[in-house]
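**Q** Heads up: the sequence shown is residues -33 to -1, 1 to 423, going by mature numbering (1 follows the signal peptide of the UniProt record, and there is no 0). Before I ask anything, let me first share the structure, which is written out below as structure tokens.
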Amino acid sequence: MCNRRNNICRWLLATTTVLSTLLLAPVTLGAEAQPATQITLKSWLKDQPAEHGPYAVNQQITLYLELATNRWFTAGTRISQFELPGVMVKQRSEMATNFTQRQDGDTWSHQRWELSLYPQQSGQFEIPAIAVRATVARPEGGSRQITLTTRPQRFAAALPDPALTVGGRWLSASKLTLNQTWRSSGDNRAEDDKGSDAGELRVGDAITRTVTASGQDTLSVLIPALIPTLESTGLQAYPAQPRLSDTQERGEYLSTREDQTTYIVQQGGALTLPPLELRWWNSQLGQLETLTLPGQTLRVHHTPASWLAAYWPWLIGVASGLALLALTRLAIARYYRHHPRPLSWQYGTAIWRKQWGTVRVLAYRYLRARRGSLELASISSDPAWQQQQAAFQQADGDRPQAFKMGWALVKRLSLPTGDGVARLCRTVGWRPALPGLTTRVDKSATTGLPASDKER
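Right, here's the structure in full:
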């Protein structure tokens, strides 16, 4: 009986041992098959086409950081910040690109991060070692934090085109668009008043110019001011704060700058808002390009106040001239109120009044003052003159003939060049201060002979 009981115990013990071995063997083998946690980090710069040369100043340079592990990531990855003198560094996307790959029969999880670099000057640059902290799963359960560092990298940047050394305003992008809109208070007035012209401007109206630049692979802070300062006395400019935005859509980075300036019209007339141009380096094609926007010429109607403000120098000049003429006329009239008027004045007045007898008397008086003679025929033996003086003595009511005779007398009885002052004095009727003194011409005149005859 005891032997039978011992045999049963031995059989139960053997059966339990075999079952335990069969049940625990898979667990032990499974634990031994789990590989150790592995994680790698590599970094590189986006390739630059060889035909484009080095990276351009202001060009977006992408620095890639890629983590890979044979486990999986259990928490967020942290990338330490770093400074690079002369280069703007920006992490434009807060999310990484996640994907998996098969490697040696194992599945590896990957995270690819992007950092954007924008060199602000020419030169050689070295990216320092960057610390990256990741959290991955343990084979036995739980998580583990691991910190890795990248290797330093070098790159060069240069001004892409010599033409960019002058001018100052430019940017680098792979694509760029430039647009503008106009709006004036005259448009609103045209909507309210059906009788007014669309776009009619008056002094005090406002014109708003909005210019928008949108580019890929750049930053909004790198887009220069789009509307330059306007130096004009006819417009007062009030620029608004620029609107900057940086967005990402389907893996493309888009940056936008919007500038807006309001101009208040200060005076009427034609006012010009100049055209705009923006130079940019096309990093995709490796060439310098220029975008332009047309300007506008404004026609502004004057108000009474603006008209006076615009033309007051001319008004003062005209008023001063008229005042001077009035004073001159008053002085002349006052002078001749007590002095005889010149023979030329009397001669012309007599012709205008058709006083033909007075016209002849004045002609003879002029002849006597010049030659001491009272015969017109004695002035010259020229047949043309003889015919002219005969017609003058016989004709009445012929104003052209009288004026022609007066002009002929002045020409034929003119004094020599050296006696121009005496001629002027006699023409205006001035008398010499010392009547006893006579000029050479006066002496010749008293003889009643022409100067040419006296010389002979």
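Every residue, glycine too, gets a C-beta built ideally from N, C-alpha and C. Owing to the predicted nature of the structure, the values given are computational and were not obtained by experimental measurement.
A63 to A180, Cα distance in whole Å?
**A** 28 Å
**Q** Between which two residues does the alpha helix (DSSP H) containing residue 425 stretch?
**A** In the structure displayed, the chain extends from -33 to 423; residue 425 sits before or after that span and is not available.
**Q** Do L329 and L310 have their beta-carbon atoms positioned less than 7 Å apart in this structure?
**A** yes
**Q** Closest to P129 by CA distance: which of P307, R337 and W248 is it?
**A** W248
**Q** Count the C-beta pairs between the segment 200 to 210 and the segment 218 to 235 that are closer than 8 Å, then say yes if the count reaches three, no if not.
**A** yes
**Q** How far does the alpha helix (DSSP H) with L329 in it reach, from first residue to last?
**A** W323 to R338
**Q** Which residues share a DSSP beta bridge with P206?
**A** T228
**Q** Given Q313, which residues of its chain have a CB within under 8 Å of its CB, disregarding the five upstream and five downstream residues?
**A** T325 and L329, listed in sequence order.
**Q** Can you tell me which residues form a DSSP beta bridge with I46?
**A** V99
**Q** Taking W279 as the reference, give the member of D14, Q322 and Q234 with the closest Cα.
**A** Among D14, Q322 and Q234, the Cα nearest to that of W279 is on Q234.
**Q** Between R169 and W149, what straight-line distance do the alpha-carbon atoms span, to the nearest angstrom?
**A** 16 Å
**Q** Do three or more CB pairs link the segment 249 to 258 to the segment 215 to 222 at distances below 8 Å?
**A** no
**Q** With H, G and I counted as helix, E and B as strand and the rest as coil, what does DSSP make of P350?
**A** helix
**Q** Below 7 Å between beta carbons: does that hold for G201 and L238?
**A** yes
**Q** Determine the direct distance from the alpha carbon of L275 to that of L255, and round the result to whole angstroms.
**A** Answer to the nearest angstrom: the Cα atoms are 49 Å apart.
**Q** According to DSSP, simplified to helix, strand and coil, what is G171?
**A** coil
**Q** G90: which of H305, A192, L126 and W137 sits nearest, CA to CA?
**A** Distances from the CA of G90 to each of H305, A192, L126 and W137 were compared; the closest alpha carbon is that of L126.
**Q** How many angstroms separate the CA atom of T4 from the CA atom of S83?
**A** For the pair T4 and S83, the Cα-to-Cα distance works out to about 31 Å.
**Q** With V178 and L115 assumed to form a contact (beta carbons below 8 Å), what rounded beta-carbon distance in angstroms separates them?
**A** Their Cβ separation, rounded to whole angstroms, is 46 Å, which puts V178 and L115 out of contact at 8 Å.
**Q** Could you say if the segment 64 to 77 and the segment 135 to 142 meet the contact criterion of at least three C-beta pairs nearer than 8 Å?
**A** They do not touch, by the three-pair rule.
**Q** Terminal residues of the continuous beta strand (DSSP E) containing S201?
**A** The residue asked about is misnamed: residue 201 is Gly in this sequence, not Ser. Note, G201: premise wrong, no beta strand (DSSP E); not H, not E.
**Q** Tell me the DSSP secondary structure of S89 in three-state form.
**A** coil
**Q** Any chance the CB of Q26 is under 6 Å from a heavy atom of the ligand GDP?
**A** Ligands are entirely absent from the displayed structure, and the ligand GDP is therefore not among its contents.
**Q** Tell whether a beta-carbon distance below 7 Å holds between E93 and P119.
**A** yes
**Q** At 3 residues or longer, and completely inside the segment 254 to 280: list those beta strand (DSSP E) runs for me, N to C.
**A** 254 to 260 and 263 to 268
**Q** Pull up the distance between the alpha-carbon of A101 and that of S152, whole angstroms please.
**A** Distance between the alpha carbons of A101 and S152 is about 59 Å.
**Q** I need the straight-line Cα distance from W281 to I190, nearest angstrom please.
**A** Using only the alpha carbons, I get a separation of about 46 Å.
**Q** Tell me whether G387 sits in a helix, a strand or coil according to DSSP, three-state version.
**A** Because G387 carries a pLDDT of 47, less than 50, the predicted location of this residue cannot be relied on, and the following value inherits that uncertainty. In this structure, G387 counts as helix in the three-state DSSP scheme.
**Q** Buried or exposed for D14, please, with buried defined as at least 16 other CB atoms from any protein chain shown within 10 angstroms of its CB.
**A** exposed
**Q** Exposed or buried, what is G182 when buried is set at 16 or more other beta-carbons lying within 10 Å of its beta-carbon?
**A** It is buried - the Cβ of G182 has at least 16 other Cβ atoms within 10 Å.
**Q** With a 10 Å radius around its C-beta and 16 neighbouring C-beta atoms as the bar for buried, classify A123 as buried or exposed.
**A** exposed
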